[in-house]
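Numbering-wise, our numbering puts 485 at position 417 of the sequence shown, and it's gapless, one number per residue. Beneath this line is the structure, given in structure tokens, with notes to follow.
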Amino acid sequence: MKIAVIADPHLGTKWGRPREQDSFVQFREAIEKSLDLGAQLIVLLGDIFDTRIPRQEVWARAMRILSIPLARGRNEIKLIDTVDKNLEEISPVALRGTPMVALHGNHERRTRGLTNPVEALEAAGLLIHLHHNTLIFDTPQGKLAIHGMSNVPEQHARKVLAIWNPKPVKGAFNILALHQSVGPYVYSSEESPTLDVPDLPPGFDLYLCGHIHYRTESTAHGKPILFPGGTERTQLLQVEAETPKGFYMVEVGDGLSRKFIELTSPRDFHYAEMRFEGVSIPQLNEEVRAKVRELLGRQRKNRGKLPLIRVRLVGTLAKEASRSEFDERAITQEFADRALVVVSKGDLVAPGLEEKVQLLRELKERRMSIDETAMTLLEDNLREAGYTQIFDVRALYGLLVEAREEEALRNVFVVVENLVRVELERKSNDNAR
Ligand SMILES: [Mn+2]
């Protein structure tokens with residue numbers, strides 16, 4: 069039984085920029101290679117799309133790729149049962165080719181009651197969406213149960229997983245799939261996961277996790293936990309320059325074996341960090357250009373595409389210098405015919421500006437999770453007013469975000485009307501007594 073495990077394609081990322089086709093080309097390579105290698109099931113670990121409401125151009129490209137497993141028209145495994153998954157949600161179309169099972173990631177998550185893009189793909193019969201449920205397949209090598217929890221806000225992940233409490237199916241090979249930060253495996257250092265490896269429910273034969281954008285692996289309860297990493301470079305961190313992009317082919321038979329399949333389509337990525345103390349602008353101009361030239365001379369794997377180069381500047385500027393005087397865009401343009409150059413000067417500060425920078429960093433952190441912050445505030449306010457039990461905070465917040473205030477208001481009215489009715493009934497009961 070061969071299973072392809074693909075994570076975080078982030079289709080549509082960098083749209084309108086030189087790299088706009090990369091996410092599609094790399095995802096297509098992963099899907100086609102997995103089928104060529106004989107995958108009988110494809111597991112997509114979330115963040116198929118980069119945004120929760122993708123643009124039409126992104127949809128069209130995505131659907132063309134996602135229909136490839138169906139177009140090949142070969143299915144060797146049979147869906148025989150589900151746990152907590154409504155069979156009506158599964159289109160028979162999804163089982164006419166190599167089945168694809170998918171989680172939604174944090175980039176696709178929407179409020180309860182609103183359709184996320186992975187659910188839309190399920191409606192089209194392109195895949196089967198998993199969130200707190202299980203699919204059981206009959207395969208030539210025996211039963212296979214795949215249990216999935218799509219992304220939930222990090223601060224609730226441990227609790228939500230414990231409440232779902234999935235149980236391995238007896239007599240089957242059991243896989244648990246997630247899209248979260250887990251213990252030391254975090255998307256960014258600004259994220260604090262609540263879920264740790266020992267918190268994962270025991271008894272599964274294989275654990276799979278998306279969300280982490282570089283490939284890594286570990287063990288959970290003595291069984292492998294695999295993080296395939298994204299097929300697209302999204303963060304431009306050093307670790308992404310050091311780790312090849314690809315996906316896992318897992319083979320379940322007498323035992324369990326796995327192979328990481330490297331993609332050949334991603335452009336080369338070179339990363340460098342430069343540290344300065346009291347550097348002047350002319351010096352900076354010279355040294356950054358020299359660094360870019362040095363990186364351009366590095367060994368290449370993919371000569372068909374311009375390489376990606378990121379130079380991150382850290383440290384302090386000379387006393388009289390200001391960061392705005394350093395024109396990093398001029399450098400990008402200068403090398404535009406040889407590379408896609410990104411120079412990050414956010415961590416290069418003028419002396420005495422450390423305090424301001426600290427504040428900006430805090431603001432940035434807050435902005436990264438603005439949805440979560442806003443929801444927490446709403447939740448706090450409602451709790452203070454004693455209303456959390458009465459209102460579905462998440463649904464209410466979702467409606468507000470979608471600018472559907474009228475609907476939100478109507479929800480509130482319904483609750484208030486009920487309260488009034490109950491209150492009136494209580495009063496008339498009191499009077500009748
Ligand atoms: Mn992601």
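The beta carbon of each residue, even a glycine, is placed where N, CA and C say it ideally should be.
Q | Separation of L464 from R59, as counted between CA atoms | A | The structure shown does not extend to residue 59, since the chain is modelled only from 69 to 501, so the question has no answer here.
Q) For the segment 109-123 against the segment 169-181, are there 3 or more C-beta pairs whose distance is under 8 angstroms? A) Judged by Cβ distances under 8 angstroms, the segment 109-123 makes contact with the segment 169-181, as three or more pairs qualify.
Q | Own chain partners of L331 with C-beta closer than 7 angstroms, once the 5 adjacent residues on each side are dropped | A | Here the set comprises Q94, E97, A98, T299, K313, G314.
(Q) Using only the alpha-carbon positions, how far apart do P266 and S218 sit? (A) Cα-Cα distance, rounded: 19 angstroms.
Q) From this set, V417, Q401, A128, R378, which residue's C-alpha is nearest E393's C-alpha? A) Of the candidates V417, Q401, A128, R378, the one whose C-alpha sits nearest the C-alpha of E393 is V417.
Q) How many Å lie between R123 and G466 at the Cα? A) Across the structure, R123 and G466 are spaced so that their CA atoms are roughly 20 angstroms apart.
Q) CB of G314 to nearest heavy atom of ligand 1: below 7 angstroms? A) No, Cβ of G314 sits at least 7 angstroms from all heavy atoms of ligand 1.
Q. Does the segment 135-142 come close enough to the segment 101-110 to have 3 or more Cβ pairs within less than 8 angstroms?
A. Taking a contact to require three or more Cβ pairs closer than 8 angstroms, the segment 135-142 and the segment 101-110 qualify as touching.
Q: Just mark P261 as buried or exposed, buried being the case when its beta carbon has 16 or more other beta carbons within 10 Å.
A: Answer is buried; the Cβ neighbour count reaches 16.
Q. For chain C, is any of its Cβ atoms less than 8 angstroms away from the one on T302?
A. The structure shown contains no chain C; it is built from a single protein chain.
Q.
So the candidates are I110, R335, G414; which of them puts its Cα closest to the Cα of P86?
A. The option with the nearest alpha carbon to P86 is R335.
Q | Residue nearest to L352 in terms of C-alpha spacing, selected from L364, G383, P185 | A | Answer by Cα proximity: G383.
Q. Going by beta carbon distance, what residues of the same chain come within less than 6 angstroms of Q306, once the five residues before and after it are set aside?
A. Within the same chain, Q306 has close Cβ partners Y339.
Q | Reference R226; option with closest CA among F241, P208, L246 | A | A check of alpha carbon separations from R226 across F241, P208, L246 identifies L246 as the nearest.
Q. Touch check for the segment 155-166 and the segment 208-216: three-plus C-beta pairs under 8 angstroms?
A. The segment 155-166 makes no contact with the segment 208-216: fewer than 3 CB pairs, one atom from each, lie closer than 8 angstroms.
Q | For A130, the residue or residues it bridges with in DSSP | A | Per DSSP, none; premise fails for A130.
Q) So what does D206 bridge to, in DSSP terms? A) DSSP lists K146, K211 as partners of D206.
Q. With DSSP run on the structure shown, which of helix, strand or coil describes P419?
A. In the three-state reduction of the DSSP assignment, P419 falls in the coil class, being assigned neither a helical nor a strand state.
Q. Looking only at its own chain, which residues have a Cβ that is under 6 angstroms from the Cβ of E355, when we skip the five neighbours before and after it?
A. There are no such residues.
Q) Where does N486 land, buried or exposed, given buried means 16+ other C-beta within 10 angstroms? A) An exposed status is given to N486, since fewer than 16 other beta-carbon atoms sit within 10 Å of its beta-carbon.
Q.
Tell me whether the segment 270-289 and the segment 69-84 touch, counting them as touching only if at least three CB pairs, one residue from each stretch, are closer than 8 angstroms.
A. These segments touch.
**Q.** Reference R142, options Q108, K70, D415, Q248, closest by Cα
**A.** With distances taken between Cα atoms, R142 lies closest to Q108.
Q: Determine the contact status of V237 and I204, defining contact as a CB-CB distance below 8 angstroms.
A: Taking 8 angstroms as the cut-off, the beta carbon of V237 is found closer than this to the beta carbon of I204.
Q: Compare the beta carbon distance of R120 and P185 with 8 angstroms and say whether it is the shorter of the two.
A: It is a contact, given that the beta carbons lie within the stated cut-off.
Q: Could you check what DSSP says for N486 in three-state terms: helix, strand or coil?
A: Note: N486 maps to helix in three-state DSSP.
Q) How long is the line joining the alpha carbons of E388 and K359, rounded to whole angstroms? A) Taken atom to atom, the span from the alpha-carbon of E388 to that of K359 is near 24 angstroms.
Q. Do A386 and S348 come within 8 angstroms of each other at the CB atom, strictly closer than that value?
A. In contact: S348 and A386 (Cβ atoms closer than 8 angstroms).
Q) Which residues in the same chain have their Cβ closer than 7 angstroms to the Cβ of L477, if we skip the five residues on either side of it in sequence? A) Cβ contact annotation for L477 (same chain, cutoff 7 angstroms, sequence separation greater than five): none.
Q) Relative to the alpha-carbon of G239, which residue among A230, I231, D273, I196 has its alpha-carbon at the smallest distance? A) Ranking A230, I231, D273, I196 by Cα distance to G239 puts D273 first.
Q | DSSP-derived helix/strand/coil call for Y505 | A | A query on residue 505 cannot be resolved here, the shown segment of the chain reaching from 69 to 501 and no further.
Q) ligand 1 heavy atoms versus the CB of G298: any closer than 7 angstroms? A) Checking every heavy atom of ligand 1 against the Cβ of G298, one is found closer than 7 angstroms.
Q.
What does DSSP give as the partner residue(s) for Y339 in the beta ladder?
A. Note: Y339 sits in a beta bridge opposite R378.
(Q) Please state the DSSP three-state secondary structure of G298. (A) G298: strand per DSSP, three-state reduction.
Q.
Assuming I71 is part of the beta strand (DSSP E), what are its boundary residues?
A. Membership of I71 in the beta strand (DSSP E) is indicated by the continuous run 70-74.
(Q) In this structure, how does DSSP classify E156 when only helix, strand and coil are distinguished? (A) If DSSP states are grouped into helix, strand and coil, E156 belongs with the helices.
Q: State buried or exposed for A128, treating a residue as buried only when at least 16 other CB atoms are found within 10 Å of its CB.
A: A128 should be labelled exposed.
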